[in-house]
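Student: If you count the sequence shown from 1, you need to add 1 to reach this note's numbering. Backbone N, C-alpha and C fix where the C-beta goes; we use that ideal spot for every residue, glycine too.
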Amino acid sequence: MSAAEQLLAVYQQQKGQEIAVGDWLLIDQARIDAFAQATGDLQWIHIDPQRAAVESPYKSTIAHGFLTLSLLPLLTQANAAGQFEKNYPGMRLRVNYGLNKVRFPAPVKPGDRLRAHTSILDASMAGNGVEIIYLLTIEIDGTDKPACVAEQVIRVYP
C-alpha cells in the first residue's frame with residue numbers, strides 16, 4: 002500500500018469526526034485596519050469606530066468576512082512547525098485546492114476571540130495524492146452563531 006493510500010485510509014476512518022480545535026485568537030481593530038489597508042476594502046463599517054457606533058446595526062466596527070477566511074491557516078494551525086508531518090505522514094507537499102462553500106453567519110467585532118473546529122467531510126484519491134475536504138467552523142467566544150463555516154479542499158502528495 003502506497004503512502005497516499007495509507008493516508009487515505011486514516012482520513013476515511015475519521016470521516017464525520019472533529020479532529021482538531023484551535024487556540025483562541027483575539028481580533029482587534031488594528032488587525033481589521035491592517036486587513037483593510039492590505040485589501041483596499043476601506044468601507045466605514047470596518048474602519049470607522051465612531052461612525053459604526055452610530056450607524057451600524059452592530060453598534061461597532063466589524064471584521065471583514067475575508068479577514069476571518071484569511072486567518073484559517075493561523076486558526077487551524079495548519080502551518081505550525083511539525084504540524085504537517087503529524088497530520089500528513091509520508092506526504093511531502095500540501096496544496097490549498099480551494100473552497101467548496103463559505104458562509105459568514107455572524108459578525109466579528111473588535112475584542113472577539115475566534116477559534117477553529119476542524120472536521121473531516123471526505124477523503125479520496127486524487128491522482129497520486131489524497132484530496133481531503135475539511136469542514137471548518139470558526140467559533141466566536143460567547144456566541145451561538147459561528148463567524149465562518151467553510152468547506153476547504155486540500156490535496157497532499159507523497
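(1) State the start and end residues of the unbroken beta strand (DSSP E) segment that holds H118.
(2) Hey, A148 and T69 are a contact pair by Cβ (cut 8 Å); roughly how many whole angstroms apart?
(3) Which term fits D24, buried or exposed, when burial requires 16 or more other beta carbons within 10 angstroms of its beta carbon?
(4) My guess is that Y135 and L122 are in contact by the Cβ rule of under 8 Å, so how many angstroms apart are they, rounded?
(5) Could you tell me which whole alpha helix (DSSP H) segments of length 4 or greater appear in the stretch 18-47?
(6) What span of residues does the alpha helix (DSSP H) with V55 cover, start to end?
(7) Measure the C-alpha to C-alpha separation of D29 and G143 and round it to an integer number of angstroms.
Tutor: Looking at the atomic coordinates:
(1) For the purposes of this step, residue 118 is taken as residue 117 along the sequence shown, with counting starting at 1. Here the beta strand (DSSP E) through H118 covers 114-127.
(2) Position 147 of the sequence shown holds residue 148. Position 68 of the sequence shown holds residue 69. So it is a contact: roughly 5 Å between Cβ atoms.
(3) Reading the sequence shown from its first residue, position 23 is the one you call residue 24. Exposed, because fewer than 16 other Cβ atoms sit within 10 Å of the Cβ of D24.
(4) Taking the sequence shown and counting its residues from 1, the one referred to as residue 135 is at position 134. Taking the sequence shown and counting its residues from 1, the one referred to as residue 122 is at position 121. Between Y135 and L122, the beta carbon gap of about 7 Å places them in contact (Cβ cut-off 8 Å).
(5) Counting whole runs of 4 or more residues, the stretch 18-47 contains the alpha helix (DSSP H) stretches 30-40.
(6) The count along the sequence shown starts at 1 and reaches residue 55 at position 54. Here the alpha helix (DSSP H) through V55 covers 50-56.
(7) Within the sequence shown, residue 29 is the residue found at index 28, counting from 1. Within the sequence shown, residue 143 is the residue found at index 142, counting from 1. About 16 Å.
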